[in-house]
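J.: First residue of the sequence shown? That's 1 in our numbering, and the numbers climb one at a time after it.
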Amino acid sequence: MPISTIGHSTRPIEEFIHILEAHGIKQLMDVRTVPRSRHNPQFNRENLPASLEAAGILYRHMPGLGGLRHAAKDSINTGWRNASFRGFADYMQTDAFRESLEELIELASERPTAIMCAEAVPWRCHRSLIADALAARGIPVLEILSATNARPHSMTPFAKVHGGEVTYPGDNENLKLVFEKPDA
């Protein structure tokens, strides 16, 4: 079963729920580190679960998949010029990320699921990196853009996949350092 991604943007809650229903979503995983919006309070953690529940959609906050991560000084993900994306890509190399991703996969096997963040377009959001990690594990991902438009996720062009893990090296030397064992 595919996992979808969606950004809440500035939509009214009724429109957002209509989009989820149009795509058959029954479970929404909130991957915002801070599940609040000053300008769109309908998406605050205090409000969103009740609105979704009224529509028969389950809500779960997954801070282990949240963004706002800092890049490591010795980052292997130098293909990302954006420090936030590089920071999340570095976080993807941790056990905490892997455990949270496995939890998402397990929960998504129970009902049609979408991961949600604030950014409307997936390529400007860390959920595109989560989608890369899912795709690397053979899980289809759909990017919901509107009630009538969803498209298959395309792997980030400079992503490298090895054994289900994703990195974003700036050059092939970084990839060699990550995946090859040192000489004994």
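Just so you know, even glycine gets a beta-carbon here, dropped at the ideal spot from N, CA and C. Bear in mind the structure is a predicted one, so any value in this text is a computation, not a measurement.
Suppose you measure from the CA of V161 to the CA of A71; what does that come to, to the nearest Å?
T.: Computed Cα separation, rounded: 20 Å.
J.: Counting along the chain, where does the beta strand (DSSP E) carrying R60 start and finish?
T.: Residues L58 to H61.
J.: Going by DSSP, what residue range makes up the beta strand (DSSP E) through R81?
T.: It is not in any beta strand (DSSP E) - R81 carries neither H nor E in the DSSP assignment.
J.: Within the chosen definition, does the stretch 48-61 reach the stretch 70-85 through at least 3 CB pairs nearer than 8 Å?
T.: At 8 Å Cβ cutoff, the stretches do not touch.
J.: Taking the continuous beta strand (DSSP E) assigned at S128, which residues delimit it?
T.: It is not in any beta strand (DSSP E) - S128 instead sits in the alpha helix (DSSP H) that spans R127 to A136.
J.: Quick one: using the 10 Å Cβ neighbour count with 16 as the cut-off for buried, is H39 buried or exposed?
T.: Exposed.
J.: In this structure, does DSSP put G64 in helix, strand or coil?
T.: Helix.
J.: Between the alpha carbons of V141 and I130, how many angstroms are there, rounded?
T.: Distance between the alpha carbons of V141 and I130: 10 Å.
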